[in-house]
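To start, the structure under review is shown below, and the notes come after it.
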Ligand SMILES: NC(=O)c1ccc[n+]([C@@H]2O[C@H](COP(=O)([O-])OP(=O)(O)OC[C@H]3O[C@@H](n4cnc5c(N)ncnc54)[C@H](O)[C@@H]3O)[C@@H](O)[C@H]2O)c1
Ligand SMILES: NC(=O)c1ccc[n+]([C@@H]2O[C@H](COP(=O)([O-])OP(=O)(O)OC[C@H]3O[C@@H](n4cnc5c(N)ncnc54)[C@H](O)[C@@H]3O)[C@@H](O)[C@H]2O)c1
Ligand SMILES: NC(=O)c1ccc[n+]([C@@H]2O[C@H](COP(=O)([O-])OP(=O)(O)OC[C@H]3O[C@@H](n4cnc5c(N)ncnc54)[C@H](O)[C@@H]3O)[C@@H](O)[C@H]2O)c1
Ligand SMILES: NC(=O)c1ccc[n+]([C@@H]2O[C@H](COP(=O)([O-])OP(=O)(O)OC[C@H]3O[C@@H](n4cnc5c(N)ncnc54)[C@H](O)[C@@H]3O)[C@@H](O)[C@H]2O)c1
Ligand code: NA
Ligand code: NA
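Protein chains in written order, with our numbering: chain A, 83 to 465; chain B, 83 to 465; chain C, 83 to 465; chain D, 83 to 465.
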């Protein structure tokens, strides 16, 4: 099951960390720690192996992968010895990491993206390609009537005015080229009615949004705990301090707002009400990719007695995200093979702001994921 | 479904807080916050209501309940206005809180305990009595051959030498008197083969051990999170600072050891391995019943990158425990009514060190509990 | 040494807590915990006693002091029994808490304020009055040329257009009436060249700004520690979560900015450089006056090894501020008596944003304070 | 001022980190971060430079310095590039790191130690040698009458039975050989009346005990803050989690007790009373040299309102200790040159458990240190 993994933002931290990791695991130099599909309960023949993944992608910068790998090693995100060990193989991937096409109309750009995907598929004789967006988070786009209607969208894309934000254009291009699309960022991606129509028309699955790698992950187990114990959460406040490329971008108010909203959604969904308090994201360049998040939760116990819990999370964002990219590629490939179309609600386990009407408690998301992996196995027909 | 709730340690903090709370809720003066069975998903006609509970119990001290209530109010464990409001009703309970019988042999003591239970039952025309141990934690008893054999135990109890620790004697007496028994402490309770035989012989259910109210509760959601994300926990260390009666007793090394062991069990059970690190319990008188627990977890992410999470829990122990006592009484009564015998594994949700081979992840324990509540409803036949 | 303590914002939390405390201490019902001048090293005959303070003030609301006291007790800021015990004496203070005068011109308003001060002085035969501003924090005012010139200011005050923010008008009125003025808030207060001229002209001392009661207090001992150990602080980020009247006001961006700036000043002043990171203030109504602040400091050790310290402060803001109000009144009275004029730099110990070129390390501020108290003793001539 | 720095425990983490650092700073490869004497306020010509230090020492293991350096680099305690850069110079030091002599009597051992010091002095034509103990912490020795009397001690040392623990024997040998001695560990060192007599007889200074590098450092600024604000500390509890060689040794109850006692001393000394609570040290191998300490302080504010502060310190112990070793060597050499004899109380800034009747607040210790550095300058006469 040779599977292409086409990354939008292929020269970024998450992307390159996932490449180094996959190559190191394949070479037997590292354990697949953090790869959810490698835990005993989820291992399945219905999934392509990590070794079956072939990397390619688009980016708007041209930093060599090797140089990015060195930067990641220096920052302590990946071990230096692994960055060095996979250097040659990484060089091989360079051919498949293309500059993002820019054309006169968005329609043309989409066709150029599709052409890149086609070349990638044939060069490597891939069974399928999964496109995953790990590029810079965009601000929410202004609404446009064509977002809700596929025919109108197709027409609008041929005009001079851009109608889709880059993430949605990538989704449009991927789906038009027969490739499932997953958005790891909080950007729009495939989350437009017209793109849902397109996915269904083409019999393709899609997934998102916003990888759940730190504070929100902890929230998604703590909030259900309060709910199940019938304890009343009064306030939940948090702050995320981070540097790095992602942090710099999130310092922009619009991107920040998109992200912060995505981070709070788990509370009403699991508690059934909205406690007071906000989640902040603060850019502190010097912290780099090592994020520190602090949350304070105050709650009422029996007879109104006030109690509190606070936690500090200190994690390396790219190292938390990268193994999930491998998981998502493998799962989406298997879902596609099993004939699934539309939003993949079983991927809620991976996202802060999952698609569809899904559980937000991590434990339930895990069960949904396990059931889906089993179902892929049953549905799969040899190819 | 008039249900007796007989508390061993009835003049202690947990016991009296549960009484004040039940009376205040019944009187419409307080919400049932922290009562698990009052959350929408678990409400069921198969359970006795909080208002159906009738309180009684044993203790070795004679502090009036009213005085204890005032102490609890002063310490901020219950609101002063509630302690005052239920004063009269609490006075009424005094008749049913008896000094723990002391007799020449443990057999005789057990019969005296049984007689107290009998009188309680008839005075209030109770459908059934659930006995719950909330007395001071004991050290683990020395092993004795009679612990494994009911006939030998019955014989030994008639000798001069004590053969059972107080909690197990209470369990023996309760079961012999036809009452289900639950241990909220880490003490021995019904956890002896001979007592299991007795429970089955009498067709009675029993439950335990060690109410899960703070640090271990958080552990039981965080540890599964690491497991499901396939992150490798390297160390998990914790310290619990608490005063109060329970804290003073836990300052004794033997009781401390019993408790600390109980607190770590969740890690191997959910992770599949034992990370480095210990859990400490430190007595700091001035903190009273407001416990502060701090835990540090260090873990490996992708490619071995080191990360950490720490949390501080600041909770009022008695206020966390009391509503669970009400839940356990109601559940055990319903289980008894539904004909259940032997260890109630569905109560794992409530305990640090649950009986039987059960899940240790809170979310799974919650599902088992919900399934059990549904089953009680189906099985129940009016009695 | 009968000393009037005239509070701008006399019906607010800080003001009323300081009244309750002074009355309770005077009645022997409470210890002077938190009163700096009551520590053995600072006790001095040169200072008026807590019992020598007579309370009065202005406010723009009319909530009875007794009602405010009940609210403070309910919120756990002062013990209920003390609020009740001083009820009658508090009622006596009502006569001296006047509505803030409002007149056609600011000049007229200032004269009306002065008249209130005069009546207060004669009614109680006071040796002197210290005016302290504990009213709501204002946004920074727009600059005005009259701020720098006393004659121009006097002229401008008789015009229709307001030229001073309320805190500066209060300072002008106090100084004009011969009363020293202290600003416990970050508002403008006496911090204008024209008012400095006025103070010197009248031979009066003044002080400020912004009481140092929580996170900044801790900063003022931690930052010098890093400096003295020659450790390089790379980032210092913090968040303050608070509700209460002050919190609600600080939710306004302009007031928030004034406060946040004041909170960071200690870092460059003690470290000699500005680390990355910001201090946030977030309003969370439910937390009331109990503020939680969290700070993360990352620093370089020997050979660049990265280290970190984080702290969580959980304090009751009004209870931290109130004893300092008593201290400031007593110190300023003694300074006045000792003939001091202009900015009281020895009060830096109490402020986040102290006047003048002063040390910002708490330990040095403490020494300056101790030296000043000694000097007051020497300078004092009986009156 | 060519100064020998003779380290007892010269192959341990602190020792080798201090060597690598000194060599790297000398070579212009690293900044002297963490070296107190390099801060602008303390720089002085009366002190030997870091470049004037010549390393030697004793150890009981024979791990090559180069190998230890590699281990330290791998553990992230020193940067790999520095460990590599100083490799050759480190090799040169090997000649001066000798196996600890073992002889028939302790007297003979002491003479052999003295002989090693003599050879070190002449080989490098040193002006003086400072001996610093950075070896494994010992349990407290049993008392012995000869500890109080120098003549008795000299006699006892010639007997078969050991009379001094290793640290005190090293101090005896150093002082006898005319070398000042400093103990960075909580071991006995020169802290015996007989050794004080010896130091004075020989006109030598000595110093100690127990380097202050983490939790106690923070305590020594926080505790004075509470005292100066007249806030009443009720409880102060802490836990230190660490691995590494030092951690492993501290897992031994006797060494642990010595250390824990040393860590709490700052509280009564600065507060004037002993709050409730203990300090724990827990060995967690996997944490290595990166210690995490957590402290909870609860305190009373005005009118008894309860408040709390907690802090988490995450530091690299050897990287915190190493620069202080360089400082101590330079200071002690200057003190010796200035003719100081007996305990160097001005070194209190560096120690958890300083010698003599000295201030325990860090700020006051800093002032004492600064004054001493100035005095060395004045007293110094070229030699
Ligand atoms: N790391 C995590 O834990 C995590 C979790 C959730 C979401 N995310 C999201 O993942 C994304 C990537 O994070 P990162 O840390 O790798 O950021 P990064 O800044 O290192 O990488 C982003 C890459 O995207 C490229 N890019 C920007 N615009 C592009 C476009 N229009 N087309 C193609 N490439 C484009 C950039 O040049 C850059 O190479 C971010 O949006 C982030 O919010 C990350
Ligand atoms: N509060 C919690 O969160 C929590 C959680 C888990 C377990 N527990 C356990 O619950 C128990 C009660 O806690 P608490 O805080 O109420 O303690 P407590 O000290 O306030 O009360 C214990 C009571 O038991 C009585 N007692 C002692 N020995 C007895 C005996 N042999 N027979 C009858 N009564 C006896 C004592 O006199 C006292 O009144 C403890 O064992 C504790 O470890 C409490
Ligand atoms: N509590 C602390 O720890 C602390 C520390 C530093 C500074 N402060 C400052 O102290 C001030 C008081 O805090 P608080 O918690 O008591 O606030 P609060 O809201 O309880 O009280 C403020 C009072 O000022 C009154 N007021 C508003 N405008 C006025 C005016 N123009 N003239 C007279 N009165 C006026 C209000 O009606 C109110 O009664 C705030 O500015 C706060 O920022 C407090
Ligand atoms: N690192 C810190 O922050 C810090 C702070 C205060 C005190 N200390 C103390 O410093 C000492 C050294 O710490 P470390 O982390 O380097 O420990 P370490 O275990 O790495 O090194 C100790 C060295 O001492 C050697 N040694 C043992 N007994 C000896 C003896 N009798 N004579 C000569 N050498 C002997 C050992 O072989 C080892 O090489 C410890 O006692 C520790 O408690 C360290
Ligand atoms: Na914390
Ligand atoms: Na923390």
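Every residue gets a Cβ at the ideal spot worked out from N, C-alpha and C, and that includes glycine.
- Between residue 92/C and residue 139/C, the C-beta gap is smaller than 8 Å, which places the two residues in contact.
- A straight line joining the alpha-carbon of residue 360/B with that of residue 315/B spans about 14 Å.
- Against chain D, the beta carbon of residue 299/C has neighbours under 8 Å at 307 and 311, listed in chain order.
- Within the segment 381-408 of chain B, 382, 383, 384, 385, 386, 387, 389, 390, 391, 392, 393, 394, 395, 396, 397, 398, 401, 402, 404 and 405 place their CB atoms closer than 7 Å to a CB of chain A, listed in sequence order.
- Exposure of residue 127/C is indicated by the presence of fewer than 16 other C-beta atoms within 10 angstroms of its C-beta.
- Taking all protein chains shown into account, residue 425/D has 16 or more neighbouring C-beta atoms within 10 Å of its C-beta and is therefore buried.
- Here DSSP, grouped into helix, strand and coil, assigns residue 166/D to helix.
- The beta carbon of residue 358/A sits closer than 8 Å to some beta carbon of chain C.
- Judged by the Cβ position, residue 295/B qualifies as a neighbour of ligand 2 at the 7 Å threshold, a heavy atom of the ligand being closer than this.
- Identification of residues in the segment 113-143 of chain D having a C-beta nearer than 7 Å to some C-beta of chain C yields 115, 116, 117, 118, 120 and 121, given in sequence order.
- Burial state of residue 242/C is exposed, judged by a 10 Å Cβ sphere holding fewer than 16 other Cβ atoms.
- In this structure, the CA atom of residue 115/C is about 10 Å from the CA atom of residue 387/D.
- Fully contained in the segment 356-427 of chain B are the following alpha helix (DSSP H) runs of length 4 or more, in chain order: 399-419.
- The criterion of a C-beta distance shorter than 8 Å is not satisfied by residue 371/D and residue 409/D.
- Separation of residue 179/D and residue 214/D (C-alpha to C-alpha, rounded to the nearest whole angstrom) is 13 Å.
- Put simply, of 90/B, 85/B, 103/B and 86/B the residue whose alpha carbon is nearest the alpha carbon of residue 406/B is 103/B.
- In the displayed model, residue 143/C falls within coil according to three-state DSSP, outside both helix and strand.
- In the DSSP annotation of this structure, the continuous segment of the beta strand (DSSP E) that includes residue 319/A starts and ends at 314-324.
- Within the model, the alpha-carbon separation for residue 392/A versus residue 308/A is close to 14 Å.
- Where residue 460/D is concerned, the enclosing alpha helix (DSSP H) starts and stops at 444-461.
- Contacts between residue 304/C and chain D, judged by CB atoms closer than 7 Å, involve 303 in chain order.
- Per DSSP, reduced to three states, the secondary structure at residue 266/B is coil, with no helix or strand assignment.
- Counting along the chain, no alpha helix (DSSP H) covers residue 119/C, and no H or E run does either.
- Leaving aside the five residues that flank residue 461/B on each side, the residues in its chain whose CB is nearer than 7 Å to its CB run, in chain order, 420 and 421.
- Residue 457/D and residue 124/D have their C-alpha atoms some 12 Å from each other.
- Nearest CB-CB separation between residue 293/A and chain B: not below the 8 Å threshold.
- Any Cβ of chain C closer than 8 Å to the Cβ of residue 103/D would place that residue at the interface, and such an atom is present.
- Of the residues 137/D, 272/D and 323/D, the one whose Cα lies closest to the Cα of residue 205/D is 137/D.
- Using a Cβ-Cβ cut-off of 8 Å, residue 366/A does not count as an interface residue toward chain B, since no Cβ of chain B sits closer than that to its own.
- Residues of chain D with a Cβ closer than 7 Å to the Cβ of residue 448/C are, in chain order, 310.
- Secondary structure at residue 245/A: coil, using DSSP grouped into helix, strand and coil.
- Short note on residue 396/C: C-beta not closer than 7 Å to any heavy atom of ligand 3.
- Closest by C-alpha distance to residue 130/C, out of 239/C, 99/C, 167/C and 209/C, is 209/C.
- In this structure, residue 358/C and residue 366/A form a Cβ contact; the two beta carbons are roughly 5 Å apart against a cut-off of 8 Å.
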